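For our numbering, count along the sequence shown from 1 and bump the result up by 264.
The structure appears below as structure tokens.
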Amino acid sequence: SYGQAKEIAQEVIGLYESGELDEVYLLYNEFISAISQRPTRIKLLPIEKPKQVSNTEYIFEPSAEEILTTLLPKYVETQVFRTLLEGKASEMGAQMTAMGAATDNAKEMIERLTLQMNRARQAAITTEISEIVGGASALE
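Below, the structure written as structure tokens:
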């Protein structure tokens with residue numbers, strides 16, 4: 265839930281700001297499709313500066329520091345929440361794929377066992393008919 269992501273983010277930000285952590289990475293399974301997930305690692309903190317920096321000077325209201333102080337926790341919370349969602353979607357996709365394969369295998373097994381049972385029943389009927397015909401022939 266977003267509440268859990270917020271708690272994790274607050275803990276991580278606290279550890280990062282206190283200097284206990286130098287860098288923070290998120291490791292998770294990126295959801296590609298129901299049958300495809302990719303292990304992924306992204307750097308969460310410190311946030312890297314863009315490679316191309318504009319020479320334009322901006323005026324921030326409130327100050328850039330205040331904006332960053334407000335946005336950084338939201339950014340970290342959102343990234344943590346996104347990775348939790350991607351991980352859950354990947355897990356469910358893998359489960360769905362596994363259950364689909366198990367269902368297909370069960371159907372194949374049922375078909376094989378039904379065919380085997382029908383053959384055994386036909387063999388028993390054939391044996392019984394042969395005994396009846398043999399008994400009738402012996403009476404003549």
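Cβ coordinates follow ideal geometry from the N, Cα and C atoms, glycine included.
On a predicted model such as this, the values are computed, not experimentally measured, just so you know.
So the alpha helix (DSSP H) L308 belongs to, where does it begin and stop? Counting along the chain, L308 falls outside any alpha helix (DSSP H), though it belongs to the beta strand (DSSP E) covering S300 to L309.
Contacting residues, own chain, Cβ-Cβ under 7 Å from F295 (five flanking each side not counted): Q301, E350, A353, S354 and G357
Can you give the beta carbon distance from T304 to Y292, rounded, assuming they're within the 8 Å contact cut? Contact between T304 and Y292 is confirmed by a C-beta separation of about 6 Å, below the 8 Å threshold.
To which residues of the same chain is I393 closer than 8 Å at the C-beta, ignoring the five residues directly before and after it? none
Please state whether DSSP places V317 in a helix, a strand or coil. coil
Given that a residue counts as buried once 16 or more other Cβ atoms are within 10 Å of its Cβ, and exposed if not, what is L309? buried
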